[in-house]
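These notes concern the structure reproduced below.
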């Protein structure tokens with residue numbers, strides 16, 4: 001029998017909300033504590049886990065809490081390094097749950113870890129770029145942190161004034177998520193920064209990001225760094241190892257909010273209509289549903305134009321206020337052009353107007369999708385037309401900006417995107 005404490009940071013303080021118990025990961029059940037339920041201002045930690053005294057099923061428990069863990073090869077490598085069954089998400093959470101995405105913390109009840117920041121040398125950063133998942137797994141294991149997603153990534157602390165990077169350990173919070181180049185996908189770091197810059201020029205809400213060049217600007221020398229929108233500095237922040245430790249904001253991706261497991265993050269049946277469900281979540285739970293629904297629509301249009309077929313439900317998220325009382329659409333993240341890589345299929349992660357083939361998605365499909373999402377059809381199509389008209393200029397400007405910083409690969413990627421873009425049907 002195991003027991004893990006579940007807490008969440010609210011207004012800079014860790015509040016115990018409940019526990020996960022069971023004999024093993026197959027029958028793990030989350031239950032809110034009686035003390036938390038009796039608090040007058042208590043709020044749920046997930047839309048899919050509303051407040052109630054009864055324990056949640058193993059299936060409901062797994063969807064939310066496994067959603068805090070890395071996926072794919074990173075998870076496999078982490079599991080092997082810790083001698084843990086890859087499917088045993090509970091054991092992985094017990095080791096990695098001190099620093100997750102959002103404000104949830106998972107801990108064994110008797111542990112009191114020492115928090116610190118360890119300075120990383122330029123060589124450490126270079127190795128992180130060159131060794132990819134192998135190096136990031138070593139850092140994750142040392143820091144005991146969990147970051148979702150299939151790509152190799154690690155949470156680090158960045159001191160901009162000193163241009164210095166630090167590895168957080170214990171309960172210390174990171175400020176940035178740093179991702180490595182992909183061995184099979186050439187120029188992926190420049191690709192992601194190019195698409196994020198293009199999105200920003202089109203008025204899409206994104207976190208600040210930049211490329212770390214630890215060498216000559218080649219794939220083996222560069223990393224993609226993005227500022228964490230679920231971290232912030234305020235008067236409640238404490239000093240750790242001479243650095244101001246940020247406070248945490250809670251977040252959950254749409255997979256967690258909708259109760260969709262990571263294994264089903266790509267829509268398989270058009271009758272599911274994941275996109276419609278995301279708009280319903282915003283309509284029912286956002287503090288500003290009109291703004292957020294328009295922003296989500298804009299991002300979906302942009303992903304099609306940019307050729308991003310990997311825009312699955314876990315690549316969109318909700319961000320909570322520091323008291324959990326307000327929910328909004330989180331800034332956009334994990335956006336890049338996937339269609340320029342030959343090994344990646346042109347099937348969208350969810351259907352748009354009944355169509356999965358990105359080459360066949362145009363105004364007709366978006367008109368159908370707008371009705372399914374219960375958006376004003378004309379307003380939705382006006383947004384589609386505006387972004388379509390401005391996309392090429394925004395992409396050109398972003399590519400020129402990256403080129404001026406020495407990342408000439410951006411021009412080649414832009415040309416690849418436009419070449420593919422121009423041959424698609426947009427009827």
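Residue numbers (this note's numbering): 1 to 427. From the three backbone atoms N, C-alpha and C, an ideal C-beta is built for every residue, glycine too.
Asked	Found
For residue 69 and residue 4, the rounded distance between their alpha carbons	15 Å
Residue 427 versus residue 361 - alpha carbon distance	Here residue 427 scores only 49 on pLDDT, less than 50, and its place in the model should not be relied on; the value that follows carries that caveat. So the alpha carbons of these two residues sit roughly 8 Å apart.
beta-carbon residue 308 near the ligand ATP non-hydrogen atom, thresh 6 Å	In the structure on display, the ligand ATP does not appear, and there are no ligands present to speak of.
Span separating the alpha-carbon of residue 252 from that of residue 340	30 Å
Beta-carbon gap between residue 43 and residue 324 smaller than 7 Å	yes
Buried versus exposed, by CB contacts within 10 Å (16 or more), residue 234	exposed
Best match in 364, 7 and 344 for proximity to residue 186 [C-alpha to C-alpha]	344
Where residue 46 falls, given that 16 or more other Cβ within 10 Å makes a residue buried	buried
Own chain, CB closer than 8 Å to residue 103, minus 5 neighbours either side, in chain order	8, 9, 10, 230, 248, 249, 250, 251 and 320
CB of residue 158 within 7 Å of CB of residue 168, strictly	no
Whether residue 328 touches residue 204 by CB criterion (7 Å)	no
Unbroken stretches of the alpha helix (DSSP H), 4 residues or longer, contained in the stretch 11-68	34-38 and 58-66
Pick from 351, 196 and 295 that is closest to residue 397, judged by C-alpha positions	196
4 or more residues per run - each alpha helix (DSSP H) lying fully within the stretch 215-278	254-258
Alpha-carbon to alpha-carbon, residue 258 and residue 395	33 Å
Chain C contact for residue 294 (CB, 7 Å cutoff)	In the structure shown, chain C does not exist; there is a single protein chain.
Own chain partners of residue 428 with C-beta closer than 8 Å, once the 5 adjacent residues on each side are dropped	Residue 428 falls outside the range modelled here, since the chain spans only 1 to 427, and no answer is possible.
Residue 246 classed as buried or exposed, judged by whether at least 16 other C-beta atoms fall within 10 angstroms	buried
Residue 176 - partner residues in DSSP beta bridges	156 and 227
Buried or exposed by the 16-neighbour rule on C-beta atoms within 10 Å, applied to residue 295	buried
CA-to-CA distance, residue 374 to residue 6, given in whole angstroms	37 Å
Cβ separation of residue 181 and residue 225, assumed to be a contact under 8 Å, to the nearest whole Å	That belief does not hold up - the Cβ atoms of residue 181 and residue 225 are roughly 13 Å apart, past 8 Å.
Candidates 162, 170 and 88, of which the one nearest residue 113 by Cα	170
Top-ranked residue by Cα proximity to residue 60, from 255, 97, 202 and 115	255
Enclosing alpha helix (DSSP H) for residue 317 [first to last residue]	First-last for residue 317: 317-320, but that is the beta strand (DSSP E), not the alpha helix (DSSP H).
Exposure of residue 208, with buried meaning 16 or more beta-carbon neighbours within 10 Å	exposed
Secondary structure of residue 171, DSSP reduced to three states	coil
Residues of its chain near residue 330, where Cβ-Cβ distance is below 7 Å and the 5 sequence neighbours each way are ignored	229, 251, 317, 318 and 319
Exposed unless 16 or more other CB atoms sit within 10 angstroms - verdict on residue 335	buried
For residue 2: DSSP bridge partner residues	22
Check whether residue 353 and residue 369 have beta carbons under 7 Å apart	yes
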